[in-house]
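Residue numbers (the numbering used here): 7 to 104.
Quick look at the structure:
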């Protein structure tokens, strides 16, 4: 078996869907972070954060290579937090620092 290259097909589709929906709504969305990390020799995880003027979107997925060499993506999660909740949380953190 050659070097394992993780494939996150479901995550890529979800990112594209969010960016297209935001564009259709007239919102400018940007990928703020896109990180892939090795969890073990045969499991990788990818985490993408997309921001726009209305909210913050986080997408996460795992990718596993089986012993036979097949690649399996699993554990896709997509979450969105609205600007109101983000500001509320930031005020909470600012209060914690005082």
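Where a beta carbon is used, it is the ideal one built from N, C-alpha and C, also for glycine.
Exercise. By DSSP, does residue 99 sit in helix, in strand, or in coil?
Worked result: helix
For this session: Would you mind sorting residue 54 into buried or exposed? The rule is 16 or more other CB atoms within 10 Å of its CB.
Result: buried
Exercise. So what does residue 39 bridge to, in DSSP terms?
Worked result: 55
For this session: Could you tell me which residues DSSP puts in a beta bridge with residue 62?
Result: 57 and 87
Problem set entry | Given residue 21 as reference, the closest of 52, 10 and 12 once Cα atoms are compared | 52
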